[in-house]
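*Asks:* This note's numbering numbers the first residue of the sequence shown as 129 and each following residue consecutively.
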Amino acid sequence: MSQVVDGDTFVGQRGRYRLIGIDTPELDHHDKSQPGAQRAWEALRQLIPPGSQVRVEVARNQPALYGRMPCYLYAKDSVSGNELCVNKLLVEEGLARATNFQPYHPKMQEFVQSALDAISQRKGLWNALYNPKPQPRILSVQAERSVAGSVDERVNFSLA
């Protein structure tokens with residue numbers, strides 16, 4: 129590992145990577161960090177310190193957004209020695225939200241359950257002391273629909 133950019137992005141030997149299925153608050157959002165961003169960044173830095181050995185599973189069927197390769201990141205637990213999915217761990221600790229910005233990924237249901245557990249336990253972002261202003265979001269959704277014959281149409285629309 130060479131550099132942790134923010135809570136869900138890091139630079140490795142082969143380029144920039146984005147942890148798939150999660151979203152952390154932005155460290156540098158309009159010249160200011162969003163609430164919880166520093167904690168998520170520090171957590172990822174502790175999980176993958178410089179020089180640590182990790183396993184990166186790149187989602188080849190996912191588009192690279194902003195030049196970052198979507199991936200699952202695995203690191204060894206310092207206590208048990210077991211391999212942990214860092215993406216899921218950040219959600220479990222309430223430091224990241226489970227998202228579906230990318231098309232369906234195999235661990236989506238696990239991440240959603242981890243998020244629900246973190247919310248019910250009031251961890252991290254879900255703690256009563258953490259009360260950010262709601263951020264307006266626009267999600268881009270793509271859908272495909274087949275029409276009679278061999279015509280295939282891709283429809284793009286946005287949700288507010």
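Built from N, CA and C at the ideal position, the CB exists for glycine as well.
These numbers come from a predicted model, not from an experiment.
Measuring alpha carbon to alpha carbon, tell me which residue in 255, 250, 147, 170 is nearest residue 196.
*Replies:* Counted from its first residue, the sequence shown places residue 196 at position 68. Minimum Cα distance to residue 196 is reached at 147.
*Asks:* In terms of residues, what are the limits of the alpha helix (DSSP H) holding residue 167?
*Replies:* The residue given as residue 167 occupies position 39 in the sequence shown. 165–175 is the extent of the alpha helix (DSSP H) around residue 167.
*Asks:* Hey, residue 233 and residue 149: beta-carbon distance below 7 Å or not?
*Replies:* Here residue 233 corresponds to residue number 105 of the sequence shown, with the count starting at 1. Here residue 149 corresponds to residue number 21 of the sequence shown, with the count starting at 1. Yes. Within cutoff.
*Asks:* Per DSSP, residue 138 is paired with what?
*Replies:* Stepping through the sequence shown from its first residue, residue 138 is reached at position 10. For residue 138, which the question treats as bridged, DSSP gives the partners 132, 145.
*Asks:* Taking residue 169 and residue 140 to be in contact with their CB atoms under 8 Å, please state how far apart those CB atoms are, rounded to whole angstroms.
*Replies:* Residue numbering aside, residue 169 sits at position 41 when the sequence shown is read from its first letter. Residue numbering aside, residue 140 sits at position 12 when the sequence shown is read from its first letter. Not really, about 16 Å apart at Cβ, beyond 8 Å.
*Asks:* Can you give the Cα-Cα distance for residue 186 and residue 199, rounded to whole angstroms?
*Replies:* Taking the first residue of the sequence shown as 1, we reach residue 186 at position 58. Taking the first residue of the sequence shown as 1, we reach residue 199 at position 71. Their Cα atoms are separated by approximately 4 Å.
*Asks:* Check whether the Cβ atoms of residue 224 and residue 212 sit closer than 7 Å, and answer yes or no.
*Replies:* What you label residue 224 is simply residue 96 of the sequence shown in a count that begins at 1. What you label residue 212 is simply residue 84 of the sequence shown in a count that begins at 1. Not a contact, by the Cβ cut-off of 7 Å.
*Asks:* Could you check the C-alpha separation between residue 155 and residue 171 for me, to the nearest Å?
*Replies:* Sequence index remark: in the sequence shown, residue 155 carries index 27 (1-based). Sequence index remark: in the sequence shown, residue 171 carries index 43 (1-based). Roughly 13 Å between the two C-alpha positions.
*Asks:* If you measure between the beta carbons of residue 251 and residue 209, is that distance less than 7 Å?
*Replies:* Residue numbering aside, residue 251 sits at position 123 when the sequence shown is read from its first letter. Residue numbering aside, residue 209 sits at position 81 when the sequence shown is read from its first letter. The answer is no: Cβ separation not under 7 Å.
*Asks:* Using the beta-carbon count (16 or more within 10 Å), is residue 242 buried or exposed?
*Replies:* Sequence index remark: in the sequence shown, residue 242 carries index 114 (1-based). Counting Cβ neighbours within 10 Å, residue 242 comes out buried, since at least 16 surround it.
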